[in-house]
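Single-structure report; data block below.
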Amino acid sequence: MTYTPRPPSILSRVPWWLLAVALLFVLGFWGIATDAGYSQIFRAVSGGLVTTLWVTAVAFAAATVIGLLVALARTSGNRILCEIATFYVEIIRGIPVLVFLFYVAFVAAPAMVVAINWALQPIGASITIRQFDFAWRAIVALTVCYSAFIAEIFRAGIESVQRGQLEAARSLGLSRWKCFRLVTFPQALRTILPPLANDFVSMIKDSALVSALGVQDITQLGKVYSSGTFLFFETYNVVALLYLTLTISLSLLVRLLERYLHENQR
Amino acid sequence: MPSITKLLAAATAIATLGLSAAQAQDLPDLAGREIIAVTENAYVPLNFADPATGEGIGLEYDLFNEIAKRLNASVKWELSSWDVMIQAVRDGQFEVGMDGITINDERKEQIDFSDSYLTSQQLMLVRADETRFTDAATFAADANNLVGAQAGTTNFYVAVYNVLDGDEANPRIKLFDTFGASVSALQAGDVDTVLMDQTSANGYIGANPGAFKVIGEPLGTEDFGFIFAKGSDLVGPVNAALAQIKADGTMDAIQKKWFYEYNAAQ
Chain A
1 MTYTPRPPSI LSRVPWWLLA VALLFVLGFW GIATDAGYSQ IFRAVSGGLV TTLWVTAVAF
61 AAATVIGLLV ALARTSGNRI LCEIATFYVE IIRGIPVLVF LFYVAFVAAP AMVVAINWAL
121 QPIGASITIR QFDFAWRAIV ALTVCYSAFI AEIFRAGIES VQRGQLEAAR SLGLSRWKCF
181 RLVTFPQALR TILPPLANDF VSMIKDSALV SALGVQDITQ LGKVYSSGTF LFFETYNVVA
241 LLYLTLTISL SLLVRLLERY LHENQR
Chain B
1001 MPSITKLLAA ATAIATLGLS AAQAQDLPDL AGREIIAVTE NAYVPLNFAD PATGEGIGLE
1061 YDLFNEIAKR LNASVKWELS SWDVMIQAVR DGQFEVGMDG ITINDERKEQ IDFSDSYLTS
1121 QQLMLVRADE TRFTDAATFA ADANNLVGAQ AGTTNFYVAV YNVLDGDEAN PRIKLFDTFG
1181 ASVSALQAGD VDTVLMDQTS ANGYIGANPG AFKVIGEPLG TEDFGFIFAK GSDLVGPVNA
1241 ALAQIKADGT MDAIQKKWFY EYNAAQ
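Quick mapping for you: the protein sequence lines, in order, are chains A and B. Here the first sequence stands for residues 1 to 266, numbered as in our numbering. Here the second sequence stands for residues 1001 to 1266, numbered as in our numbering.
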């Protein structure tokens, strides 16, 4: 007896989870639109949306660049670079983001200002700590923390490309850089993309930690509103809905991108 | 006519005694009921963990234990963080909550408050080398001066209403997640003052020799109340016991113990 797969029915192809998500959004936003209390909370916290987005976008872009460089150092074959990069990844990865945030904000940033002022001394200029905004200190901390994770994602992707591919490319006379750009990286990208998107989603959520420094993101405005009114649960409902809106729309975009990459590979 | 004055004083004393004796008889009897109380153990000297034993101690512990004793009830103490505490009291998981919680009208819509058991006195903690201002008025006069606070706390409300212009969204207030973070920001130069009560100020000055000092007159008339679920049957009895404790001098003794003697013994 041979196994014949059943042709997919229309019902089995419906993305039920997406319908459930849509229903959740409709109910959530309908509640916000019709309930006076919820509308007020929404007005209070949605002002943080832009901050959450730009902090995440800048930090993620920077973390991706640094992560790629660290991964290249780790896979380069240069012993010194590799040791330094491994040290960086292991140390950074092992410190909680919140703790690191305080290190950057209250230890590294003041030290940097002292250093800059020392360097500026000959020309008689100086800066103050306040010119280094808390939002930027938070971005630096998020960038450094996430670059360690992203470096590992890139390394996994690069090492997943079979050695024979590289040998073949080298034997065709391609330079090391061209090998990477034309052979290794395009293949690695397929492995890299899903976990990278995963990190982006988790960074959107972790960006809530910047509220510890008083950066006015969604979470911070939620904390301010709820501690003044004691409407904790109601406020966090709205906060959760806003984050879900961001993360789920992002997930859908990444799905489209993955599909596009797969089709182009055939 | 000194004798008449003395006589009057004696009469008043007798009348007061008679009154408190009458009140003692009037206090409700809770018949050995166990009251589940919650606090955070993060607010010296109201509630904190004894460094020697790890047990929760402080003014609020003593005060509420005394209230319960007079009502013929016992107290079962629980711990929780601030926002969880308030939600859990609203839900009825804990019967009474306390953590230096400032009484305000918006919060009264969500929970019931007892009468005030303490009026907070806030002082301005500044860097030891501060010379640009000497009190709240000179601080407020220069728009470059910033104040650090934790959202929704007494320090925040006193900063808004007693130091600045009453605008809760005033950009001159930098909000942090914890008290410690706002003091770090003060030390780093990000803000110019943090408001705190004398006991906490002494703690920070002692822990960082030469870094901080206190300026100006005590500010603020924030009233602290116990919180209860809406409609709790404990509000009336607790208020009655509280009035008696204030009237017979027990309250003064408890305050003296935690605001003066405890500190002196350190």
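The beta-carbon is built from N, C-alpha and C at its ideal position, and this holds for glycine as well.
Inset, instruction - Less than 8 Å between the CB atoms is what I'm expecting for M1124(B) and I1215(B), so what's the real figure, rounded? - result: As a first step, residue 1124(B) must be located in the second sequence, where it is residue number 124. As a first step, residue 1215(B) must be located in the second sequence, where it is residue number 215. Right, their Cβ atoms sit about 5 Å apart.
Inset, instruction - Step through the CB atoms of chain B and report whether any lies within less than 8 Å of the CB of Q220(A). - result: Counting from 1 along the first sequence, the entry for residue 220(A) is found at position 220. It does: the Cβ of Q220(A) has a partner Cβ on chain B nearer than 8 Å.
Inset, instruction - Please name the residues in the segment 1226–1238 of chain B whose beta-carbon is closer than 7 Å to at least one beta-carbon of chain A, in chain order. - result: none
Inset, instruction - Would you grab the beta carbon distance between G214(A) and T235(A) for me? Rounded to a whole angstrom, and I think it's under 8 Å. - result: Translated into positions along the first sequence, residue 214(A) becomes position 214. Translated into positions along the first sequence, residue 235(A) becomes position 235. Taking 8 Å as the upper bound for CB-CB distance, G214(A) and T235(A) are not in contact here, some 17 Å apart.
Inset, instruction - May I have the straight-line CA-CA distance separating F100(A) from T51(A), to the nearest angstrom? - result: By one-based count along the first sequence, residue 100(A) stands at place 100. By one-based count along the first sequence, residue 51(A) stands at place 51. The straight-line gap separating the alpha-carbon atoms of F100(A) and T51(A) is approximately 20 Å.
Legend entry - Distance, G1210(B) Cα to A1128(B) Cα: Mapped onto the second sequence, residue 1128(B) falls at position 128. Mapped onto the second sequence, residue 1210(B) falls at position 210. Here the alpha carbon of A1128(B) sits roughly 6 Å from the alpha carbon of G1210(B).
Inset, instruction - Return the bridge partner residues of N1047(B) from the DSSP annotation. - result: Stepping through the second sequence from its first residue, residue 1047(B) is reached at position 47. N1047(B) is bridged to Y1043(B).
Legend entry - Segment contact flag, the segment 1187–1199 of chain B with the segment 1059–1069 of chain B, C-beta cutoff 8 Å, min 3 pairs: no
Legend entry - Which of helix, strand or coil DSSP assigns to A1037(B): Sequence index remark: in the second sequence, residue 1037(B) carries index 37 (1-based). A1037(B) falls in the strand class under three-state DSSP.
Inset, instruction - Could you say if the segment 250–265 of chain A and the segment 60–80 of chain A meet the contact criterion of at least three C-beta pairs nearer than 8 Å? - result: Contact between the segment 250–265 of chain A and the segment 60–80 of chain A is absent, with fewer than three C-beta pairs closer than 8 Å.
Legend entry - Classification of I127(A) by the beta-carbon crowding that lies within 10 angstroms, buried from 16 upward: For the purposes of this step, residue 127(A) is taken as residue 127 along the first sequence, with counting starting at 1. That one is exposed.
Legend entry - Proximal residues, the segment 1181–1198 of chain B versus chain A, C-beta separation under 8 Å: Correct list: A1181, S1184, A1185, Q1187, A1188, G1189 and D1190.
Legend entry - Inter-residue spacing [alpha-carbon to alpha-carbon] between L1118(B) and V58(A): For the purposes of this step, residue 1118(B) is taken as the residue at position 118 of the second sequence. For the purposes of this step, residue 58(A) is taken as the residue at position 58 of the first sequence. The alpha-carbon atoms of L1118(B) and V58(A) are separated by roughly 46 Å.
Legend entry - Test: S39(A) CB closer than 8 Å to a CB of chain B: Stepping through the first sequence from its first residue, residue 39(A) is reached at position 39. Closer than 8 Å: no.
Inset, instruction - Enumerate in chain order the residues of its own chain whose CB-to-CB distance from Q187(A) is below 6 Å, with the five nearest sequence positions on each side excluded. - result: Within the first sequence, numbered from 1, the residue matching residue 187(A) stands at position 187. For Q187(A), where only same-chain residues beyond five positions count, the Cβ hits under 6 Å are V161.
Inset, instruction - Identify the contact partners of V14(A) in chain B, using a Cβ-Cβ distance below 7 Å as the criterion. - result: Within the first sequence, the letter at position 14 stands for residue 14(A). Those do not exist, as V14(A) stays about 38 Å from chain B at its closest Cβ, beyond 7 Å.
Inset, instruction - Determine which residues of the segment 1109–1139 of chain B have a Cβ less than 9 Å from any Cβ of chain A, and write them out in chain order. - result: E1109, Q1110 and I1111
Legend entry - Anticipated Cβ contact below 8 Å, E1040(B) with N1047(B), distance rounded: What you label residue 1040(B) is simply residue 40 of the second sequence in a count that begins at 1. What you label residue 1047(B) is simply residue 47 of the second sequence in a count that begins at 1. Right, the Cβ-Cβ distance comes to about 6 Å (below 8 Å), so this counts as a contact.
Inset, instruction - Just grab the DSSP bridge partners of E1078(B) for me. - result: What you label residue 1078(B) is simply residue 78 of the second sequence in a count that begins at 1. Looking at the DSSP assignment, E1078(B) forms a beta bridge with V1038(B).
Legend entry - Assigned secondary structure, T1119(B) (DSSP; H/G/I helix, E/B strand, else coil): Position 119 of the second sequence, counted from the first residue, corresponds to residue 1119(B). Reduced to three states, the DSSP call for T1119(B) is strand.
Legend entry - Beta carbon proximity, A1021(B) to chain A, threshold 8 Å: Along the second sequence, one-based indexing puts residue 1021(B) at 21. Because A1021(B) sits at a pLDDT of 48, beneath the cut-off of 50, its placement in the model cannot be relied upon, and the following sentence gives the value as read from the coordinates. Not closer than 8 Å to any Cβ of chain A, the Cβ of A1021(B) fails to qualify, so no.
Inset, instruction - Kindly confirm or deny that the segment 195–204 of chain A and the segment 143–157 of chain A touch, where touching means at least three C-beta pairs closer than 8 Å. - result: yes
Legend entry - 8 Å Cβ shell around E1095(B) - same chain, five flanking residues per side excluded: As a position in the second sequence, residue 1095(B) is number 95, starting the count at 1. So the qualifying residues of the chain are I1035, I1036, A1037, V1089, F1228, A1229, S1232 and L1234.
Legend entry - Own chain residues within Cβ distance below 7 Å of M1251(B), not counting five before or after: Here the question's residue 1251(B) lines up with position 251 in the second sequence. Only I1245 meet the Cβ criterion.
Legend entry - Classification of T229(A) by the beta-carbon crowding that lies within 10 angstroms, buried from 16 upward: To locate residue 229(A), count along the first sequence from 1; it is residue 229. When all chains shown are included, T229(A) counts as buried.
Legend entry - Beta-carbon gap between V239(A) and V55(A) smaller than 8 Å: The residue you call residue 239(A) lines up with position 239 of the first sequence. The residue you call residue 55(A) lines up with position 55 of the first sequence. Contact: no.
Legend entry - Rounded distance between the beta-carbons of R137(A) and A105(A), thought under 8 Å: Along the first sequence, one-based indexing puts residue 105(A) at 105. Along the first sequence, one-based indexing puts residue 137(A) at 137. At roughly 5 Å, the Cβ-Cβ gap stays under 8 Å, so A105(A) and R137(A) are in contact.
Legend entry - Which of helix, strand or coil DSSP assigns to F1176(B): Along the second sequence, read from residue 1 onward, the residue named residue 1176(B) stands at position 176. Here F1176(B) sits in strand by DSSP.
Legend entry - Exposure label - G1100(B); buried when at least 16 CB within 10 Å: Translated into the one-based positions of the second sequence, residue 1100(B) becomes position 100. Buried, since its Cβ has 16 or more Cβ neighbours within 10 Å.
Legend entry - Whole-angstrom distance between D217(A) and A1136(B), CA atom to CA atom: One-based indexing of the second sequence puts residue 1136(B) at position 136. One-based indexing of the first sequence puts residue 217(A) at position 217. Distance between the alpha carbons of A1136(B) and D217(A): 29 Å.
Legend entry - Outcome for A33(A) when other beta-carbon atoms lying within 10 angstroms are tallied against a minimum of 16: Indexing the first sequence from 1 puts residue 33(A) at position 33. Answer is exposed; the Cβ neighbour count stays below 16.
Inset, instruction - Output, in chain order, the set of chain B residues within a Cβ distance shorter than 9 Å of T286(A). - result: There is no way to answer for residue 286(A), as the model of chain A reaches only from 1 to 266.
Inset, instruction - For M112(A), I'd like the list of residues in its chain whose CB is within less than 8 Å of its CB, leaving aside the five on either flank, ordered along the chain. - result: Counting from 1 along the first sequence, the entry for residue 112(A) is found at position 112. Correct list, in chain order: F132.
Legend entry - Alpha-carbon to alpha-carbon, A151(A) and C179(A): Residue numbering aside, residue 179(A) sits at position 179 when the first sequence is read from its first letter. Residue numbering aside, residue 151(A) sits at position 151 when the first sequence is read from its first letter. Taking the straight line joining both Cα atoms gives about 20 Å.
Inset, instruction - Under 8 Å Cβ to Cβ from R163(A), same chain only, skipping five residues before and after it: list those, please. - result: Working through the first sequence from its first residue, we reach residue 163(A) at position 163. Cβ contact annotation for R163(A) (same chain, cutoff 8 Å, sequence separation greater than five): none.
Inset, instruction - Please confirm whether F42(A) and T245(A) have their CB atoms less than 8 Å apart. - result: Here residue 42(A) refers to the residue found at position 42 when the first sequence is read from its first residue. Here residue 245(A) refers to the residue found at position 245 when the first sequence is read from its first residue. The answer is no: Cβ separation not under 8 Å.
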